[in-house]
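Visitor: Right, I'll just put the structure down here and ask away after.
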Amino acid sequence: MLPKRPLKVLGVIQARLTSKRFPGKILKKIGKKTVLQHVVDACKKAKKVDEWVIASPHPIPGFKTFIPENVKEEDVLSRIYQCALEYKPDLVVRITADCPLLDPYWIDFCIDTLVWCDYDFICNTPYCPDGLDVEVYTMDALTCAYHLATDPFDREHVHPYIRRTSFYGEVSGVFNYDHIKLSIDTPEDLERVRRIYGLH
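Oh and the sequence shown: position 26 is 35 in the numbering used here, straight run, nothing missing.
And the structure:
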């Protein structure tokens, strides 16, 4: 049950420079801005989020980051939880830093839907293309996952444990669009997104 008061919403952009398939991809340029800056700019257009934080296992040149202490890089759940613990929100929005085509509409829509339906967790996949992904959790659901999830897969991907154990919702639709690739995992993905932007 969500508190009967104005909700504090924290947005967390999950970022790192050590991608195995495409190291340093979030600092590659699309036009004059890095991939990460495109993500940050899109996130800041969401109207329902009080504050945005970049959570990373290491410093990222040019960006202020929250770096948790004594957390393994692959334990993303701990990284997100420690960040949330610092800011004490009611809701946490998780965005990944390799999605420069992110639409802020989906952030606000997912927050509103979670609140209206009193969900613990909501996401907009698979009914949105890969690269428009938004996940929203209550702080209670995130806390439970942090303390109870033990499988390495659950620790790395954050939402699977919450999805299995909480009251969750998916943004539904007539068609499934997750086969459309708009996130950046490879140099080829970066070139595709540059073409969409019309920038190089």
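The beta-carbon is built from N, C-alpha and C at its ideal position, and this holds for glycine as well.
(1) Among L141, H166 and E165, whose alpha-carbon lies nearest the alpha-carbon of I189?
(2) Straight-line CA distance for Y170 to D149?
(3) Compute the Euclidean distance between the alpha carbons of I35 and E60, then round it to the nearest angstrom.
(4) Within a Cβ cutoff of 8 angstroms, which residues of the same chain sit near R164, ignoring the five residues on either side of it in sequence?
(5) For C108, name the three-state secondary structure that DSSP assigns.
(6) For C137, does the three-state DSSP call read helix, strand or coil?
(7) Does the contact criterion of 3 or more C-beta pairs under 8 angstroms hold for the region 25-44 versus the region 60-77?
(8) What does the alpha-carbon distance come out to for the pair Y136 and W115?
(9) K17 to I193, Cα distance in whole Å?
(10) Terminal residues of the continuous alpha helix (DSSP H) containing E96?
(11) Could you tell me whether the region 116-133 touches the region 40-56, using the rule of 3 or more Cβ pairs below 8 angstroms?
Guide: Reading it off the structure:
(1) Sequence index remark: in the sequence shown, residue 189 carries index 180 (1-based). For I189, the nearest C-alpha among the options comes from L141.
(2) Looking up residue 170 in the sequence shown gives position 161. Looking up residue 149 in the sequence shown gives position 140. So the alpha carbons of these two residues sit roughly 13 angstroms apart.
(3) Walking along the sequence shown from the start, residue 35 turns up at place 26. Walking along the sequence shown from the start, residue 60 turns up at place 51. If I take the Cα positions, the gap works out to 21 angstroms.
(4) Here residue 164 is taken as the residue at index 155 of the sequence shown, counted from 1. Excluding positions up to five away in sequence, the list reads E83, D84, V85, L86, S87 and A158.
(5) Taking the first residue of the sequence shown as position 1, residue 108 is located at position 99. C108 falls in the coil class under three-state DSSP.
(6) Stepping through the sequence shown from its first residue, residue 137 is reached at position 128. Three-state DSSP puts C137 in coil, outside helix and strand.
(7) Yes, since at least three Cβ pairs between the region 25-44 and the region 60-77 fall closer than 8 angstroms, the two stretches touch.
(8) The residue you call residue 136 lines up with position 127 of the sequence shown. The residue you call residue 115 lines up with position 106 of the sequence shown. Near 11 angstroms, if we compare the C-alpha coordinates of W115 and Y136.
(9) Locating residue 17 in the sequence shown gives position 8, counting from the first residue. Locating residue 193 in the sequence shown gives position 184, counting from the first residue. For K17 and I193, the distance between alpha carbons rounds to 30 angstroms.
(10) Against the sequence shown, residue 96 aligns to sequence position 87. In the sequence as presented, Glu is not what sits at residue 96; that position holds Tyr. Per DSSP, Y96 belongs to the alpha helix (DSSP H) from V85 to Y96.
(11) Touching, per the Cβ criterion.
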